[in-house]
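The block underneath contains the structure these notes are about, expressed in C-alpha cells.
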Amino acid sequence: MILKSLSFAAAASHVAFAASVTIDPNLAGCKALEKIGKTQVHYPIDEVVDIINVISEQNVPFALKSGGHAQNVGFSSTEGIQIALKNFNSVEYDPVTNLATIGTGQLWESVYAGLEPHGVSVNGGRVSGVGVGGFVLGGGYSWLTNQIGLTSDRVVEYEIVLYTGEILKVNREYHPDLFFGLKGGGNNFGIVTKVTLEAHQQGQVYGGQIFISKDSLSKANTAISNWDKNKNDPKSSIGVTYGYAPGQGLFAELLLFYDGPTPPKGVFDEILAIPSAKSSVFSRSYTDLVLSVNGSATDGVRGYYRGISLKEYPVVLLESIANYTETLGKEAESHSLASLVVAVEPFLKNINSHDTYGPSAFPHPADGYLSPANFIPTWTDEKEDSYFYDLTKKFSDAITFNADALGQNISHAIIYNNYANADVPHERIYGDNIDKIADIKKRYGVDRVSHLTGGFIVGKSVGKSGNW
C-alpha cells in the first residue's frame, strides 16, 4: 500500500514523515502508523513524537534524513522507517539577540538565502546540497571556521525530540549535559528539529573555483603548502581537491574564500598566479558562492567517504596525495570508476579556540588542531563495492603512513564525524568523551531506541558502508 510516492536516493526506505510518506504494509511499525492516521503532515514535531513512539513500541529500524548527504549505508537510508525532515524548513532571525533559528530539514543554501536580506549568515556548509541536521550534529567546518570556529561552537540552543518521545529545549542553562552531547555527538539522543545559532554579519564575499590541469600541479602544490604555512588572515580560507576521472586524468580544483569583496594584497597572490584551465573567482554574495560549488557529485552513483586527519601540508605530502590519486584512479578505471577525489582542508591552527558556549562531544581542544581530509571514490557497478572499500583503506593507510613519517603522528587521531567511514571505531570519533556520551544516553533513557538507527551510535557495533 503506497500512500504517497517518495522520490529520493535512499536504499529500501519504507516510511518518511515530515516530508512525504511511503508505507510497506509488511512492517508492524507501518501498520501502527496507519492506525494513528499519520498519512499527512500537520504540525511536524507532533508527527515526530508519534513516529518515535511507534518505533519504540514496535522495535522498528529507522533512519533520519536531513539533506541525505551521508555516504554510509544505514545513516540516512534504512530498510525500516525513514524520517525525512524537509518540512522543518524555517529560517528566523532576531536582530536584537543576533540569533538565527533554523529548521534542520533544509539545505544550507536555503538558510543563507533566508538570512541574506538581514545582512547576516551562519557558519554552515560550504557547498550546495548539504543538509543542516547532520552537519550541525557532526561539528561542521565552514568558510567562517577560521573566524568563529565549528558550527557546533556557535549553537546556543537545540530543539529535540528525544528517543523517548519527549520534546526538549536544550541549552547551557537547561539540560547542560545534553547540550554538551549534541555539540558534535551526532544522533545519539534523538531527532533535532531546530537549532539556534549566533549569526555573523555578512556582506559580499570574494571566492570561487580554480581548475588546474596536471601540468600546473607542481606550482599548485607549492602555493598550497606556502598558504598553509603562512596563512594568518582569519577572513580567508581555501579548500583543495585532487581528482581523477576517466577521460580526464589527474587534475586539481581550488576553492577560495575571503569574507569581504576584495582580499588584501598577499592573501591569495601566489595561488592566483598558478596557470589555470578555468577560473570563476570574483566578488559575489555568500549564497551565490555556495551555490556555485556542486556538493552532490555522488548523486546517482555508488560511493564511500574515508576521512583522515592531518596537521599540515608540506609539498612532499601534497605530492604523495596527488600521485596516489592518479595511481589509484588509473587502477580503478577497469572497475567502473566514475570519479575519485581527495579533499584537503587547511585551516588556521587556532580554530578550536572559539567554543564560546562550552565544550563539545566532538573533541577539538584548543591545542589539538587537526585538518580534515576526505577520500571519495564513486563508481557504478555494485559488484565492485568491496573493491572500492579496499581502495579507500589503501589510500588512507598510505597517506597516514606518509604523514606519520613526516612527524605528524595522526594514526590514532580523532576523525571528523561527517567524513568518517562507518567502520571507524567510536573512540576515533568521540575520543575520551565516549563514556560521558554513554552516561548521558542512559540518563535520558534513549539508549535502546538509538540502537535501532544508523550513525556513530555509542554502544552499537561499527559497520561498513557506502551510499546505495
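Throughout the sequence shown, residue numbering follows mature numbering (1 follows the signal peptide of the UniProt record, and there is no 0), covering -18 to -1, 1 to 450 in sequence.
Every residue gets a Cβ at the ideal spot worked out from N, C-alpha and C, and that includes glycine.
Keep in mind it's a predicted model, so treat the numbers as computed, not measured.
| Query | Result |
| --- | --- |
| Inside the stretch 168 to 245 only - alpha helix (DSSP H) runs reaching at least 4 residues | 199 to 212 |
| Inter-residue CB distance, F51 and G113 (contact presumed, cutoff 8 Å) | Before going further, note that residue 51 is His rather than Phe in the sequence given. With a Cβ gap of about 6 Å, H51 and G113 count as contacting. |
| V326 and Y295 closer than 8 Å at C-beta | yes |
| Close-in-space but distant-in-sequence residues of the same chain around G96 (CB under 7 Å, 5 per side omitted) | V73 |
| Nonlocal neighbours in the same chain, by C-beta distance under 7 Å from E75, ignoring five residues either side | For the sequence presented, residue 75 should be read as Tyr rather than Glu. Around Y75: A82, L97, H100, V102, A181. |
| Backbone secondary structure at L322 - three-state DSSP | strand |
| With 16 other Cβ atoms within 10 Å as the buried cut-off, status of V431 | buried |
| Spatial distance of K211 from K201 (CA atoms) | 15 Å |
| Whole-Å CB distance - T309 paired with T175, under 8 Å assumed | So it is not a contact: roughly 45 Å between Cβ atoms. |
| V31, DSSP secondary structure in three states | helix |
| Candidates V93, V104, G166, V324: closest to I396 by CA position | G166 |
| Beta-carbon proximity list for G340, same chain, < 8 Å, skipping 5 on both sides | R154, P158, F161, F162, K165 |
| Cut-off 7 Å between Cβ atoms - residues of its own chain near H24, not counting five sequence neighbours on either side | Confidence at H24 is low in this model, with a pLDDT of 41, below 50, so its placement is unreliable and the value that follows should be read with caution. The answer is none, since no qualifying residue turns up. |
| Classification of P407 by the beta-carbon crowding that lies within 10 angstroms, buried from 16 upward | exposed |
| Alpha-carbon to alpha-carbon, T79 and S393 | 43 Å |
| Collapsed DSSP secondary structure at V440 in the structure displayed | coil |
| Proximity of N105 and P216 at Cβ, strictly below 8 Å | no |
| Sub-8 Å separation of T133 and V118 beta-carbons | yes |
| Collapsed DSSP secondary structure at F370 in the structure displayed | helix |
| According to DSSP, residues forming a beta bridge with W90 | In DSSP, W90 forms no bridge with anything. |
| The ligand ADP heavy atom lying under 7 Å from the CB of D28 | By its list of ligands, the structure shown contains no ligand whatsoever, and the ligand ADP lies outside what it can speak to. |
| Exposure label - G116; buried when at least 16 CB within 10 Å | buried |
| Beta-carbon proximity of residue 451 to S218, cut-off 8 Å | With the chain covering -18 to 450 only, the question about residue 451 has no answer from this structure. |
| Coil, strand or helix - P354 by DSSP | strand |
| Span separating the alpha-carbon of F233 from that of S291 | 22 Å |
| Distance between F329 and S353 (C-alpha atoms, nearest Å) | 7 Å |
| Which of helix, strand or coil DSSP assigns to G19 | Bear in mind that a pLDDT of 44 at G19, under 50, signals an unreliable position, so the number given afterwards is only what the model happens to contain. If DSSP states are grouped into helix, strand and coil, G19 belongs with coil. |
| Nonlocal neighbours in the same chain, by C-beta distance under 6 Å from S265, ignoring five residues either side | Q186, Y188, P243 |
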